[in-house]
Amino acid sequence: MLAKFQYSFLMACCLILTACASTSESTLYNKLGGEQGVNNIVENLIQQIGQDEQIFHYFAEARVSRFRENLIEHFCAISDGPCQYTGDNMADIHTGMNINESDFNHLVDLLINAMDAEGIPHRVQNQLLARLAPLRENIIYL
Ligand code: HEM
Numbered sequence: 297m298l299a300k301f302q303y304s305f306l307m308a309c310c311l312i313l314t315a316c317a318s319t320s321e322s323t324l325y326n327k328l329g330g331e332q333g334v335n336n337i338v339e340n341l342i343q344q345i346g347q348d349e350q351i352f353h354y355f356a357e358a359r360v361s362r363f364r365e366n367l368i369e370h371f372c373a374i375s376d377g378p379c380q381y382t383g384d385n386m387a388d389i390h391t392g393m394n395i396n397e398s399d400f401n402h403l404v405d406l407l408i409n410a411m412d413a414e415g416i417p418h419r420v421q422n423q424l425l426a427r428l429a430p431l432r433e434n435i436i437y438l
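Structure follows, in structure tokens:
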């Protein structure tokens, strides 16, 4: 009887632990703070770009509300959040800008600032940066 109870208790614990592991903490999107976290990161990034002497010129003609919406969606999708990216592909959108390496790195620095401001641990920041890094080839010198 006691053995049966212990077995059931153990099974219940396993089920609860599995459920917890597969919900709130599991995706990179959730580690970034989910919808609110990603919105805040993008908003902070846009505010910084607006005051940035090195890269603002690229954005002078950009449609900010579209940029905000599509970047949120892009970060959501790339971090395994519940979104599908519907904006233009990276090469199409950045072609003609001739973005150099130093300006690319600068935008990444602003993104790191934004994640710092949101209290995202560096271990988690690095996971997002690792997913963005391969896109570099489709963004610079086009
Ligand atoms: C990993 C890095 C980057 C990612 C993931 C990224 C992503 C995006 C996304 C999702 C959009 C919106 C696409 C759309 O509206 O369909 C966008 C637009 C834009 N990006 Fe990037 N981008 C990156 C780096 C950069 C850099 C380094 C610059 C310049 C220094 C830049 C300049 C722009 C500009 C100016 C627009 C707005 C274009 C417009 O509305 O006409 N991006 N980017």
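Positions in the sequence shown are counted from 1; adding 296 to them yields the working numbering. By construction, the Cβ of each residue, glycine as well, lies at the ideal position given by its N, Cα and C atoms.
heavy atom of ligand 1 below 7 Å from residue i C-beta
i	result
methionine 411	no
glycine 439	With the chain covering only 297 through 438, there is no way to say anything about residue 439.
tyrosine 354	yes
arginine 427	no
arginine 419	no
alanine 373	no
leucine 403	yes
asparagine 340	no
leucine 438	no
Whether residue i touches residue j by CB criterion (8 Å)
i	j	result
glutamine 347	asparagine 409	no
isoleucine 368	valine 404	no
leucine 438	histidine 390	yes
alanine 387	asparagine 434	yes
glutamate 397	isoleucine 436	yes
asparagine 366	glycine 383	yes
leucine 424	leucine 328	yes
asparagine 336	glutamate 414	yes
Burial state of residue i, where buried means 16 or more other Cβ atoms lie within 10 Å
i	result
cysteine 310	Any reading at cysteine 310 must be qualified, since the residue scores a pLDDT of 43, below 50, and its modelled position is unreliable; no value is offered.
valine 334	buried
phenylalanine 371	buried
glutamine 421	buried
glycine 377	buried
aspartate 322	The residue asked about is misnamed: residue 322 is serine in this sequence, not aspartate. Per the 10 Å Cβ criterion, exposed.
serine 375	buried
alanine 317	Residue confidence is low: alanine 317 scores 46 on pLDDT, short of 50, so the model does not pin down where it sits. No coordinate-derived value is stated.
Nonlocal neighbours in the same chain, by C-beta distance under 7 Å from residue i, ignoring five residues either side
i	result
leucine 407	Leu341
glutamine 380	Ala373
isoleucine 312	For isoleucine 312, the predicted model reports a pLDDT of 47, less than 50, meaning its position is unreliable; a value from the coordinates is still stated below. Result list for isoleucine 312: empty, nothing under 7 Å.
Close-in-space but distant-in-sequence residues of the same chain around residue i (CB under 8 Å, 5 per side omitted)
i	result
tyrosine 354	Met393, Ile395 and Asp399
asparagine 385	Asn434
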